[in-house]
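Asker:
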Amino acid sequence: MFNGKSILITGGTGSFGKQYIKTILDRYKPRRIVVYSRDELKQFDMQQEFNDPCMRYFIGDVRDKERLSMAMRGIDYVIHAAALKQVPAAEYNPTECIRTNIQGAENVIHAALENDVEKVIALSTDKAANPINLYGATKLCSDKLFVAGNNLAGGRDTRFAVVRYGNVVGSRGSVVPFFQKLIYNGTDHLPITHKDMTRFWITLQEGVDFVLTNFQRMQGGEIFVPKIPSVRIVDLASAMAPNLPHKFVGIRPGEKLHEVMCPSDDSHLTFEFNNHYVISPSIKFFGQSNGYTINALEEKGQPVAQGFEYNSGNNSYFLDSEAIKQYNHLAQA
Numbered sequence: 000m001f002n003g004k005s006i007l008i009t010g011g012t013g014s015f016g017k018q019y020i021k022t023i024l025d026r027y028k029p030r031r032i033v034v035y036s037r038d039e040l041k042q043f044d045m046q047q048e049f050n051d052p053c054m055r056y057f058i059g060d061v062r063d064k065e066r067l068s069m070a071m072r073g074i075d076y077v078i079h080a081a082a083l084k085q086v087p088a089a090e091y092n093p094t095e096c097i098r099t100n101i102q103g104a105e106n107v108i109h110a111a112l113e114n115d116v117e118k119v120i121a122l123s124t125d126k127a128a129n130p131i132n133l134y135g136a137t138k139l140c141s142d143k144l145f146v147a148g149n150n151l152a153g154g155r156d157t158r159f160a161v162v163r164y165g166n167v168v169g170s171r172g173s174v175v176p177f178f179q180k181l182i183y184n185g186t187d188h189l190p191i192t193h194k195d196m197t198r199f200w201i202t203l204q205e206g207v208d209f210v211l212t213n214f215q216r217m218q219g220g221e222i223f224v225p226k227i228p229s230v231r232i233v234d235l236a237s238a239m240a241p242n243l244p245h246k247f248v249g250i251r252p253g254e255k256l257h258e259v260m261c262p263s264d265d266s267h268l269t270f271e272f273n274n275h276y277v278i279s280p281s282i283k284f285f286g287q288s289n290g291y292t293i294n295a296l297e298e299k300g301q302p303v304a305q306g307f308e309y310n311s312g313n314n315s316y317f318l319d320s321e322a323i324k325q326y327n328h329l330a331q332a
């Protein structure tokens, strides 16, 4: 569905953007791929790797609605990946996080509507479900904005959806490269915030593939959640450095013990499919009555039980030490 299409990705110089663009160029023949981001050095570095004739590099900030609207002229599909994502940084710099993650999301929506973009998928995070930190709260606001964007569309054909998933193995700022750096520098221990901490686990390519497929599945208003494994952080540390002791340093500001992707409060809106969940909108859209049990690929889902919660701590699928090593290897491939 991407052959001959024009695609824009906000925050396109990040880990996801690079893998997404690599995948699109390997599998399809797009008309244009526009990287929209604010860091000229990262764009310059990226141009050395991705210099296909269809590539365009557009310097701009999602806080700048006019610039964003200009960049979306003639665009068919948008992936909104730009965000301020570091939990402690958001706690100390809340207004900056709000301006990028909430006001930026609103700008993306309005720019897409002004340019009659066909489909928009916004990347979310497990931290948006029952948020306890500012980053998660801003992403929950962003999710709500994109879901409601389908109402703002009115008679236009533009549709918005959200993809929510957990920690990406090996992405910038994540725990795997942090541990790797400590090990490389000869640390005598690995710091772990809490002995019981768990996280959802997904590779970058799995995240990219999930987004690609959801462009085909989406009807508008869905929050897509993949079925993915969990890891215990102590198991991760042991897999990466079996001979190093662990030092428990305490939970950081705004950090959870376990992450949630489908909250129990949304169980009446949640449907289970073969390899993913869908949280349907709590609001009704003008002229649309689909119950979200059948998607655009004609895959069928079933309502989950009342009170169901998809939680990294009670997930039925945990990675053992060998599987963690395989995931880490895939992240480096």
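Quick note: numbering that gives the first Met the number 0 has the sequence shown finishing at residue 332, numbered continuously throughout. The C-beta atom is built at its ideal place from N, Cα and C for all residues, glycine as well.
Report the partner residues of tyrosine 35 according to the DSSP bridge assignment.
Answerer: In DSSP, tyrosine 35 forms a bridge with Thr9, Phe57.
Asker: Near alanine 82, which residues of its chain fall below 6 Å by C-beta distance, leaving aside the five closest residues on each side in sequence?
Answerer: If we look at alanine 82 and ignore the five residues flanking it on each side, its Cβ neighbours are Asn100.
Asker: Does the distance from the CB of alanine 121 to the CB of phenylalanine 159 come in under 9 Å?
Answerer: Yes, these two residues count as a Cβ contact at 9 Å.
Asker: Quick check on lysine 118: does DSSP put it in helix, strand or coil?
Answerer: Strand, per DSSP.
Asker: Which of helix, strand or coil does DSSP assign to alanine 334?
Answerer: As shown, the chain starts at 0 and ends at 332. That puts residue 334 outside it, with no answer to give.
Asker: Would you check if there are 3 or more beta carbon pairs closer than 8 Å linking the stretch 142-153 to the stretch 232-249?
Answerer: No, the stretch 142-153 is not in contact with the stretch 232-249.
Asker: What residue range does the beta strand (DSSP E) around alanine 245 cover?
Answerer: Note on residue identity: the sequence assigns histidine, not alanine, to residue 245. 245-247 is the span of the beta strand (DSSP E), which, as asked, contains histidine 245.
Asker: Taking C-alpha atoms, which residue in Glu48, Lys28, Ile78 lies nearest to serine 357?
Answerer: Nothing in the structure corresponds to residue 357, since the chain is present only between 0 and 332.
Asker: Mind checking threonine 94: buried by the 16 CB within 10 Å criterion, or exposed?
Answerer: With fewer than 16 Cβ atoms within 10 Å of its Cβ, threonine 94 is classed as exposed.
Asker: Does the stretch 101-108 come close enough to the stretch 65-79 to have 3 or more Cβ pairs within less than 8 Å?
Answerer: Verdict: yes, contact present.
Asker: Count the other C-beta atoms from every protein chain shown that fall within 10 angstroms of the C-beta of alanine 236, then say buried if there are 16 or more, exposed otherwise.
Answerer: Answer is buried; the Cβ neighbour count reaches 16.
Asker: Could you compute how far the alpha carbon of glutamine 305 sits from the alpha carbon of valine 161?
Answerer: The alpha-carbon atoms of glutamine 305 and valine 161 are separated by roughly 23 Å.
Asker: What's the C-alpha gap between glutamate 117 and glycine 73?
Answerer: Straight-line Cα distance between these residues: approximately 10 Å.
Asker: Would you call serine 281 buried or exposed, if buried means 16 or more other Cβ atoms sit within 10 Å of its Cβ?
Answerer: Exposed.
Asker: Can the beta-carbon of tyrosine 276 be found less than 9 Å from the beta-carbon of lysine 226?
Answerer: Result yes, Cβ atoms of tyrosine 276 and lysine 226 sit closer than 9 Å.
Asker: Identify which residue in Ser320, Gln215, Gly103 has its Cα closest to the Cα of lysine 138.
Answerer: Per the Cα distances, Gly103.
Asker: Could you compute how far the alpha carbon of glycine 312 sits from the alpha carbon of aspartate 195?
Answerer: C-alpha separation (whole angstroms): 9 Å.
Asker: Less than 9 Å separating the beta-carbons of tyrosine 91 and threonine 124?
Answerer: Their beta carbons are not under 9 Å apart, which means tyrosine 91 does not touch threonine 124 by this criterion.
Asker: Report, in whole angstroms, the separation of the C-beta atoms of proline 228 and leucine 318, which I expect to be a contact under 8 Å.
Answerer: Contact holds; Cβ gap of about 5 Å.
Asker: Whole angstroms are fine: how far does the CA of asparagine 50 sit from the CA of asparagine 294?
Answerer: Distance between the alpha carbons of asparagine 294 and asparagine 50: 36 Å.
Asker: In terms of DSSP beta bridges, what is proline 190 paired with?
Answerer: According to DSSP, proline 190 bridges with Lys246.
Asker: What are the residues that DSSP puts in a beta bridge with arginine 198?
Answerer: Note: arginine 198 sits in a beta bridge opposite Val230.
Asker: If you follow the beta strand (DSSP E) that glutamate 271 is part of, which residue opens it and which one closes it?
Answerer: 269-271 is the span of the beta strand (DSSP E), which, as asked, contains glutamate 271.
Asker: Where do the N-terminal and C-terminal ends of the beta strand (DSSP E) with histidine 109 fall, by residue?
Answerer: No beta strand (DSSP E) holds histidine 109; the alpha helix (DSSP H) holding it covers 103-113.
Asker: Going by CA-CA distance only, name the one from Gly220, Gly59, Asp75, Cys261 that's closest to proline 29.
Answerer: Taking only the C-alpha atoms, the option nearest proline 29 is Asp75.
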